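Peer 1: Have a look at the structure that comes next, please.
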Amino acid sequence: MEVTTRLTWNDEKRLQKQLGNVSLSLLYKSSVHGFGLRDMVQRCSHQGSTVTMIYLKTNIIGVFMLGNYPTLSKYFEEPHYSFCFLFRSKDNITGTDTFLLNMAPEIADNQLMYRLSDETFFSLCPNNKTLYLLRSVKKKLGLFEGRTMDPFIYGECEVFRVEEFPKGINVHRDRLLEELRAYKPYEDLVSKVHILLLGPVGSGKSSFFNSVKSVFHGRVTRQAIVGSDITSITEQYRTYSVKDGIGGKSLPFMLCDSMGLDETERIGLCMDDIPHILKGCMPDRYQFNPHKPITPQHSAFITSPSLKDRIHCVAYVLDINSINSLSSKMVAKFKQVHKEVLNCGIAHVALLTKVKNYNEVMQISKMLDIPIRNILMVENYASEFELDPVKDVLILSALKQMLRAADDILEDLPLAETGKLVPFCPS
């Protein structure tokens, strides 16, 4: 007997197009093949990339997974590129209807899950036909059915094999580009969001700026000079704008690059410079002096910074390969910086490069006392000569999360701080 999808012909064609003009082959239909996890996994494992469609009462939730389904006996330690999306009958999938699940899928407790530590972002339990989504995922998808913590009860679940997906990831990348091009800071309180990149020498701060610029320019670029693991190349404070293509308009964000942190005193970024950077007192191209911080007496010191001058989001950049070698002095410096960031009420995320195992993510979360949801993962462009669409998606997704974090802070500002002058944060 031929098994047919619950999607209408028009919806199936629209889904194919929105994933990048891919071909879809129906592998599993719960009402035909069984409402059991084993039934689903046996039919979907070792089939390559898939899209799972979960039919709720009034909505359809989709999950795209690049690579094979996890099996009943194998756990993926490495992150999978996956995203969850809301599929409406009449609307197109947009960037605002997707949630990136860049984590390892697993089979546990009769559920297909995406989770980090004890926090479950997505859980599908075919045995009792329930779908659980973390509150932040529901909010991103615009789902407010029932009480916030209640799981959804679904009537049908289908899994399709996705063929020719290289086109599809390009589509997702292009959607992210469109969304970031159209981005405007909250209530236009500032014209550009300032994102400060902080981290040890050689962690990838300058490489992240180069990577962001590369994606928007459509080719690998290396404007910011990249240092080694031993010595810091960045000796000036730089505020980089990013243009939408060569000769294009400037995008509404700035990436601020600083000298690398070092465990040794009087080497690397002077800790007393950090409050001035956060408050917006540091001028572009200021020459750092590891022995002496900038002072109000400096000719270029910005004495009355406005909201547009200050930092709106801090990204702690860390190469995951160097985590185990961080000394207690370096960890103490990070915690000192983080305390200053919190005192100033500035948004913050951790930006990790070269992640291969999620135990490493947990290590960072505990070490810096940063929630897992604030930890982002990317792979910067280093020696490559051509762009990779998967890397592009991760870079753009991380940038989008930083801008959203900054917007949350801008929205929460007291009215007095949205005027011309911004009070100094506590010292």
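Residue numbers (full-length UniProt numbering): 1 to 427.
Quick reminder that beta carbons are idealized off the backbone N, C-alpha and C, glycines included.
This one's a predicted model, so the numbers in the text were calculated from it and none came from an experiment.
(1) For the stretch 180-190 against the stretch 361-373, do three or more pairs of beta-carbon atoms, one drawn from each stretch, fall closer than 8 Å, so that the two count as touching?
(2) Which same chain residues, not among the five before or five after residue 321, have their C-beta less than 7 Å away from its C-beta?
(3) Have a look at 382, 19 and 204 and flag the residue whose alpha-carbon is nearest the alpha-carbon of residue 85.
(4) Exposed or buried, residue 340, counting other C-beta atoms within 10 Å across all chains shown (16 or more means buried)?
(5) Do the stretch 151-161 and the stretch 22-32 meet, that is, are 3 or more Cβ pairs less than 8 Å apart?
(6) In chain order, what residues of the same chain lie with their CB nearer than 8 Å to the CB of residue 385, ignoring the 5 residues before and after it?
(7) Can you tell me which of the three DSSP states residue 288 falls into?
(8) Out of 41, 172, 34 and 131, which one is the CA nearest neighbour of residue 83?
(9) Report yes or no: do the stretch 237-250 and the stretch 295-312 share at least 3 C-beta pairs separated by less than 8 Å?
(10) Considering only the beta carbon of each residue, do residue 161 and residue 47 sit closer than 7 Å?
(11) What is the DSSP secondary structure of residue 96, reduced to helix, strand or coil?
(12) Using three-state DSSP, classify residue 369 as helix, strand or coil.
(13) When the Cα atoms are used, what is the spatial distance from residue 410 to residue 140?
(14) Here's the rule: buried if 16 or more other CB atoms are within 10 angstroms of the residue's CB, otherwise exposed. What is residue 414?
(15) Who are residue 16's beta bridge partners in DSSP?
(16) Is residue 127 closer than 7 Å to residue 36 when the C-beta atoms are compared?
(17) In three-state terms, what does DSSP make of residue 377?
(18) For residue 3, does the count of other Cβ atoms within 10 angstroms reach 16, so buried, or fall short, so exposed?
(19) Is there at least one Cβ from chain C nearer than 7 Å to residue 290's Cβ?
(20) In whole angstroms, what separates the C-alpha of residue 230 from that of residue 104?
(21) If you draw a straight line from the C-alpha of residue 96 to the C-alpha of residue 381, how long is it?
(22) Name the residue from 388, 402 and 387 whose alpha carbon lies nearest to the alpha carbon of residue 375.
(23) Give me the residue from 54, 195 and 272 with the minimum Cα distance to residue 347.
(24) Determine the burial state of residue 13: buried for a count of at least 16 other Cβ atoms within 10 Å of its Cβ, exposed for fewer.
(25) What does DSSP give as the partner residue(s) for residue 319 in the beta ladder?
(26) Have a look at residue 251 and residue 71 and give me their C-alpha separation to the nearest angstrom.
(27) Taking the alpha helix (DSSP H) that residue 33 falls in, what are its first and last residues?
(28) Please return the same chain residues whose Cβ sits closer than 6 Å to the Cβ of residue 327, not counting the five positions on each side in sequence.
(29) Spell out the partners DSSP gives residue 155 in its beta bridges.
(30) With a 10 Å radius around its C-beta and 16 neighbouring C-beta atoms as the bar for buried, classify residue 351 as buried or exposed.
(31) Would DSSP call residue 46 helix, strand or coil?
(32) Quick one: residues in its chain with C-beta nearer than 7 Å to the C-beta of residue 199, no 5 flanking neighbours on either side, listed in chain order?
(33) Grab me the residues of residue 203's own chain with a C-beta within less than 6 Å of its C-beta, minus the 5 sequence neighbours each way, in chain order.
(34) Quick one: Cα of residue 337 to Cα of residue 330, how far?
(35) Please confirm whether residue 396 and residue 255 have their CB atoms less than 7 Å apart.
(36) Please report how far the alpha carbon of residue 107 lies from the alpha carbon of residue 113, in whole angstroms.
Peer 2: Per the coordinate set shown:
(1) Contact between the stretch 180-190 and the stretch 361-373 is absent, because fewer than three Cβ pairs lie under 8 Å.
(2) Working through the sequence shown from its first residue, we reach residue 321 at position 321. The residues are 354.
(3) Position 85 of the sequence shown, counting from 1, holds the residue named residue 85. Cα-wise, what sits closest to residue 85 is 19.
(4) In the sequence shown, the residue the question calls residue 340 occupies position 340. The residue in question, residue 340, is buried, as its Cβ has 16 or more Cβ neighbours within 10 Å.
(5) The stretch 22-32 and the stretch 151-161 touch, with three or more beta-carbon pairs separated by less than 8 Å.
(6) As a working note, residue 385 is residue 385 in the sequence shown. Result list for residue 385: 220, in chain order.
(7) Working through the sequence shown from its first residue, we reach residue 288 at position 288. Residue state, collapsed to three classes: coil.
(8) Here residue 83 corresponds to residue number 83 of the sequence shown, with the count starting at 1. Among 41, 172, 34 and 131, the Cα nearest to that of residue 83 is on 172.
(9) By the Cβ criterion, the stretch 237-250 is not in contact with the stretch 295-312, since fewer than three pairs of Cβ atoms, one from each stretch, lie closer than 8 Å.
(10) Within the sequence shown, residue 161 is the residue found at index 161, counting from 1. Within the sequence shown, residue 47 is the residue found at index 47, counting from 1. Yes, they are a contact pair.
(11) Residue 96 sits at position 96 when you count from the first residue of the sequence shown. Its pLDDT being 49, under 50, residue 96 is placed unreliably by the model, and nothing is read from it.
(12) For this step, residue 369 is matched to residue 369 along the sequence shown. The answer is coil: DSSP assigns residue 369 none of H, G, I, E or B.
(13) Along the sequence shown, one-based indexing puts residue 410 at 410. Along the sequence shown, one-based indexing puts residue 140 at 140. So the alpha carbons of these two residues sit roughly 19 Å apart.
(14) Translated into positions along the sequence shown, residue 414 becomes position 414. With fewer than 16 other Cβ atoms inside 10 Å of its own Cβ, residue 414 counts as exposed.
(15) Your numbering for residue 16 matches position 16 in the sequence shown. Answer by DSSP bridge pairing: none, since residue 16 is not bridged.
(16) Sequence index remark: in the sequence shown, residue 36 carries index 36 (1-based). Sequence index remark: in the sequence shown, residue 127 carries index 127 (1-based). Yes. Within cutoff.
(17) For the purposes of this step, residue 377 is taken as the residue at position 377 of the sequence shown. In the structure shown, residue 377 sits in a strand (DSSP, three-state: E or B).
(18) By one-based count along the sequence shown, residue 3 stands at place 3. Exposed is the call here.
(19) You won't find chain C in this structure, because it holds only one protein chain.
(20) The residue you call residue 230 lines up with position 230 of the sequence shown. The residue you call residue 104 lines up with position 104 of the sequence shown. Note that residue 230 scores a pLDDT of 47, beneath 50, so its modelled location is shaky and nothing firm can be said.
(21) On the sequence shown, position 96 is the one that residue 96 refers to. On the sequence shown, position 381 is the one that residue 381 refers to. Confidence is the limiting factor: at residue 96 the pLDDT is only 49, short of 50, which leaves the residue's position unreliable, though a coordinate-based value still follows. Distance between the alpha carbons of residue 96 and residue 381: 26 Å.
(22) Start at 1 with the first residue of the sequence shown, and residue 375 comes out as number 375. Answer by Cα proximity: 402.
(23) Here residue 347 refers to the residue found at position 347 of the sequence shown. Checked all of 54, 195 and 272; the closest Cα to residue 347 is 195.
(24) Your numbering for residue 13 matches position 13 in the sequence shown. Residue 13 comes out exposed.
(25) Along the sequence shown, one-based indexing puts residue 319 at 319. The partner list for residue 319 (beta bridge, DSSP) reads 353.
(26) On the sequence shown, position 251 is the one that residue 251 refers to. On the sequence shown, position 71 is the one that residue 71 refers to. Spanning the two alpha carbons is a distance of roughly 43 Å.
(27) For the purposes of this step, residue 33 is identified with residue 33 of the sequence shown, where counting begins at 1. That run of the alpha helix (DSSP H) goes 30-33.
(28) To locate residue 327, count along the sequence shown from 1; it is residue 327. Counting only Cβ-Cβ distances below 6 Å, and skipping sequence neighbours, we find 263.
(29) On the sequence shown, position 155 is the one that residue 155 refers to. Beta-bridge pairing links residue 155 to no other residue.
(30) For this step, residue 351 is matched to residue 351 along the sequence shown. Its Cβ being crowded by 16 or more others within 10 Å, residue 351 is buried.
(31) Numbered from its first residue, the sequence shown carries residue 46 at position 46. Shown here, residue 46 sits in coil according to DSSP, grouped into three states, outside any helix or strand.
(32) Start at 1 with the first residue of the sequence shown, and residue 199 comes out as number 199. 205, 260, 261, 316, 317 and 318.
(33) Within the sequence shown, residue 203 is the residue found at index 203, counting from 1. Closer than 6 Å at the Cβ level, and outside the excluded window around residue 203, lie 317, 318 and 319.
(34) As a working mapping, residue 337 is identified with position 337 in the sequence shown. As a working mapping, residue 330 is identified with position 330 in the sequence shown. The alpha-carbon atoms of residue 337 and residue 330 are separated by roughly 11 Å.
(35) Mapped onto the sequence shown, residue 396 falls at position 396. Mapped onto the sequence shown, residue 255 falls at position 255. In this structure, residue 255 does not lie closer than 7 Å to residue 396 by Cβ.
(36) Numbered from its first residue, the sequence shown carries residue 107 at position 107. Numbered from its first residue, the sequence shown carries residue 113 at position 113. Taking the straight line joining both Cα atoms gives about 6 Å.
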